[in-house]
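Taking this note's numbering, the leading residue of the sequence shown gets 1, the next gets one more, and so forth.
Cβ coordinates follow ideal geometry from the N, Cα and C atoms, glycine included.
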Amino acid sequence: MRRFLKENSLSLVFGALFLASLVGQAFAGWHQLNDELFAEGLHQISLGRYLTSASFAVDVTENWQSEYLQFLLFILLTVWLVQRGSPESKPLKDAGQESDEQQKVGAYARADSPKLARVGGLRTALYSRSLGMTMGAIFLVSWLVQSVSGWASYNESRLQQLRDPIPWGSYLMHSDFWARTLQNWQSELLAVGSMAVFAIYLRQRGSPESKPVGASHDATGVEG
Numbered sequence: 001m002r003r004f005l006k007e008n009s010l011s012l013v014f015g016a017l018f019l020a021s022l023v024g025q026a027f028a029g030w031h032q033l034n035d036e037l038f039a040e041g042l043h044q045i046s047l048g049r050y051l052t053s054a055s056f057a058v059d060v061t062e063n064w065q066s067e068y069l070q071f072l073l074f075i076l077l078t079v080w081l082v083q084r085g086s087p088e089s090k091p092l093k094d095a096g097q098e099s100d101e102q103q104k105v106g107a108y109a110r111a112d113s114p115k116l117a118r119v120g121g122l123r124t125a126l127y128s129r130s131l132g133m134t135m136g137a138i139f140l141v142s143w144l145v146q147s148v149s150g151w152a153s154y155n156e157s158r159l160q161q162l163r164d165p166i167p168w169g170s171y172l173m174h175s176d177f178w179a180r181t182l183q184n185w186q187s188e189l190l191a192v193g194s195m196a197v198f199a200i201y202l203r204q205r206g207s208p209e210s211k212p213v214g215a216s217h218d219a220t221g222v223e224g
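Structure follows, in structure tokens:
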């Protein structure tokens, strides 16, 4: 058990932090919504009802979709684009999909390579792009759920104001949907871009996201 905890400590700690944050968000969002309902003279709701509400769903999924968009773009763009001096970039000479030998696929696979890297054909081609496809699928699903839950939440607000609800297609073109979407996108893209640039000149000893402390500012694709 001790060995398991040590070898999986990064994912376990992030999983625990995620669950703690989600629980905290649930309670904070529930109290916030009830405060708003009280101020408007409406009945307050239970925690269980809040957790199954469109309001909670849209608050959660609008963050999820932006996070997975961030990773999707970073995974795909770093295939072709480079940043001189950044450990977040691969070496300048390796821009592109690289050779089979560099990627250790097909005839160049090693004994410990995954089976799908060795079989060749369509299966290897799909496996070679499986990370980006998975991130893209999660992004699209969470963005779809955000649009549906945001639409339901927005129409609830319209009904409380004695206004007619709008169809889902109209909501996809509405400022409420795009304000929710773009406010998350811009923050994620700023964070990734600034990390790539800061890591050229700044260091974090022992972190694989940083270059070694003594590495040149021009060293590219070098991790600590």
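Could you name the residues of the same chain whose beta carbon sits closer than 8 Å to that of residue i, not counting the 5 residues immediately before and after it, in chain order?
i	result
Gly132	Leu72, Ile75 and Leu76
Asp176	Gly150 and Tyr154
Can you tell me the Cα-Cα spacing of residue i and residue j, whole angstroms?
i	j	result
Val145	Thr61	7 Å
Trp143	Ser55	15 Å
Trp64	Phe139	7 Å
Arg245	Val222	The structure shown has nothing for residue 245, since the chain only spans 1 to 224.
Gln102	Ala95	12 Å
Val213	Lys93	23 Å
Leu81	Ser210	19 Å
Leu47	Ala39	18 Å
Gly24	Arg123	42 Å
Tyr108	Lys115	12 Å
Leu22	Gly106	43 Å
Ala219	Phe198	13 Å
Ser11	Leu19	12 Å
Gly206	Leu42	54 Å
Excluding five sequence neighbours on each side, which residues of the same chain lie with their C-beta closer than 7 Å to the C-beta of residue i?
i	result
Leu182	none
Glu188	Ser66, Glu67, Leu69 and Gln70
Ser53	none
Ser149	Ala54, Ala57, Val58 and Thr61
His217	Gly85, Ile200 and Tyr201
Any idea what DSSP makes of residue i, helix, strand or coil?
i	result
Ile166	coil
Met173	coil
Val105	coil
Asp218	coil
Arg123	helix
Gln97	coil
Gln161	coil
Gly85	coil
Excluding sequence positions up to five away, which residues of its chain have a Cβ less than 6 Å from the Cβ of residue i?
i	result
Arg163	none
Ala215	Val222
If I'm right that residue i touches residue j with Cβ under 8 Å, what's the distance once you round it to whole angstroms?
i	j	result
Trp151	Tyr171	4 Å
Ala179	Ser89	Actually they do not touch by this definition, with Cβ atoms about 32 Å apart.
Ala26	Leu51	6 Å
Gln97	Val119	Between Val119 and Gln97 the Cβ distance is about 19 Å, and since that is not below 8 Å, they are no contact.
Ala117	Tyr127	7 Å
Is there contact here, the stretch 17-36 with the stretch 155-168, by at least three beta-carbon pairs under 8 Å? no
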